[in-house]
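Structure first, commentary second.
Protein chains in written order, with the numbering used here: chain A, 389 to 642; chain B, 389 to 642.
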């Protein structure tokens, strides 16, 4: 088992930001700057083509850390952020560019790429979680959540399906193709984001993935608008979802 | 035009409760006990078979009044609460009891009853709103919202469709039959509650009503469970929805 090595540390806006490596997987751990108190951990999966410190990740982390006192960890998916890009990654980028230029649907390429990424990334996440739980401020028995849409859902659904340590999850913006069968194995509470006018994912496909989860408590949040228009207030809602399940008050939201 | 007459007044848990009459329509106005400050008004429509002070109404009012400082008004629908019951109302009750005893679907009876109630209740609501806006703590130009599910949606959709003073609304738990065409005229922000396993309203019917709203900002909250299992956290979500649109912070929620 790999242990976790911190490689850099900084602080701003009430958040302590620590870069880490587990084996050759780079990640970031955000925590309250006020101190390393034992607190719940939320794992976040980033979207395709971005990375662990993308503004969407940092923004959600800020809400979870300073709003609820949680720890938040994100790792770079294979071929993303600080990780080497393979010939396969270059092929995917070229295929996407070609489809976009030709005005063809990118869905089939994205789905294949996401499924491939999940296969590599799920065991990495489990090893990173092992290592994170060695830290005294996280511990082996605290609550763990998962939050990721788009490629973050492609990775998160198979992860949560096999990982009993994760007891609440926020997913969304994905097709059911590779995920519905795995979603049927998931029984923990979930919140699921869907864009009602998604230009890539047919409405029925998004609803079918939500429907597949076996969770007794599951909530669909469907908003008018295209995929890129997922409202910012859904990030606040995700924070409240984790706060509700992990027994924490949200202190800094309107 | 009828003016508003207060008929009783009491205070508890930070809420001032004032019963009123507008013509022969009885209502209740809940306000912050701390003082009659100018604040947004939320109109709430109660469900079929209950009344203006049903615990569901008082509970939602408490959240809106002490959480956001809003005023909240509810009136008894025709045949409900303190209002006389007609031969028609008795027929509906008998038909419902008969259908339930026979294990037959109550949907067709409920839909007819709700449409009839809306026809009478919408003009009453408009007169009550006129009268409420004469009060200095409400005024003629402050924000007005509407919140009602089930029969509250059957009344609220036609009301909001014709009433430009209402600028944000929470609806849910209803069939599209009598409402979809009216929903197409509604463009204000809405939040819409649907129960994924509703035993009375087919999933496709609920989704069709949500789909019909012309609002640029509309959010569907669909939760696993039967109609009676609408989670309590959706009331908190409705409060945050109004707080967001009316520019108020929510102070007393977790």
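Every residue gets a Cβ at the ideal spot worked out from N, C-alpha and C, and that includes glycine.
- Contact between residue 631 of chain B and residue 456 of chain B holds: CB atoms are separated by about 5 Å, below the 8 Å threshold.
- At a cut-off of 7 Å, the C-beta of residue 608 of chain B has a neighbouring C-beta in chain A.
- Not flagged as an interface residue toward chain A: residue 549 of chain B, since no C-beta distance is shorter than 7 Å.
- The beta-carbon of residue 611 of chain A is placed less than 7 Å from the nearest beta-carbon of chain B.
- Listed by position along chain A, the residues whose Cβ is nearer than 9 Å to that of residue 605 of chain B are 611, 612, 613, 619.
- Annotation for residue 459 of chain A: the continuous beta strand (DSSP E) segment containing it runs 459-463.
- The region 577-590 of chain A and the region 607-620 of chain A touch, with three or more beta-carbon pairs separated by less than 8 Å.
- Taken atom to atom, the span from the alpha-carbon of residue 607 of chain A to that of residue 622 of chain B is near 10 Å.
- Along the region 488-505 of chain A, there is no position whose C-beta sits under 8 Å from a C-beta of chain B.
- For residue 497 of chain B, the uninterrupted alpha helix (DSSP H) segment begins and ends at 495-520.
- Spanning the alpha carbons of residue 513 of chain A and residue 414 of chain A requires a straight line of approximately 11 Å.
- Comparing C-alpha distances from residue 547 of chain B to each of B/561, B/567, B/490 shows the shortest one belongs to B/567.
- Around the beta-carbon of residue 390 of chain B, fewer than 16 other beta-carbon atoms lie within 10 Å, marking it exposed.
- For residue 463 of chain A, the closest C-alpha among the options A/561, A/474, A/544 is that of A/544.
- The C-beta distance from residue 410 of chain B to residue 392 of chain B rounds to 5 Å, short enough to fall under 8 Å.
- Listed in chain order, the non-local C-beta contacts of residue 453 of chain B below 8 Å within the same chain comprise 402, 403, 418, 419, 420, 459, 460, local neighbours out to five positions each way being set aside.
- When DSSP states are grouped into helix, strand and coil, residue 389 of chain A belongs to the coil group.
- Beyond the five residues adjoining it in sequence on each side, residue 443 of chain A comes within less than 7 Å, by CB distance, of no other residue in the same chain.
- Using a Cβ-Cβ cut-off of 8 Å, residue 448 of chain B is close to nothing in chain A; its nearest Cβ partner there is about 18 Å away.
- The criterion of a C-beta distance shorter than 7 Å is not satisfied by residue 590 of chain A and residue 633 of chain A.
- Spanning the alpha carbons of residue 436 of chain B and residue 539 of chain B requires a straight line of approximately 5 Å.
- Here DSSP, grouped into helix, strand and coil, assigns residue 594 of chain A to helix.
- Taking 7 Å as the cut-off, the beta carbon of residue 537 of chain B is found no closer than this to the beta carbon of residue 553 of chain B.
- For residue 583 of chain A, the enclosing beta strand (DSSP E) starts and ends at 578-583.
- The secondary-structure analysis by DSSP pairs residue 560 of chain B across a beta bridge with B/581.
- As the crow flies, the alpha-carbon of residue 491 of chain B is around 29 Å from that of residue 507 of chain B.
- Per the DSSP secondary-structure output, residue 533 of chain A pairs in a beta bridge with A/430, A/556.
- In the three-state scheme derived from DSSP, where H, G and I count as helix and E and B as strand, residue 408 of chain A is classed as strand.
- In the DSSP annotation of this structure, the continuous segment of the alpha helix (DSSP H) that includes residue 546 of chain A starts and ends at 539-550.
- Straight-line spacing of the CA atoms in residue 555 of chain B and residue 441 of chain A works out to 38 Å.
- Residue state for residue 570 of chain A is assigned as helix, using DSSP reduced to three classes.
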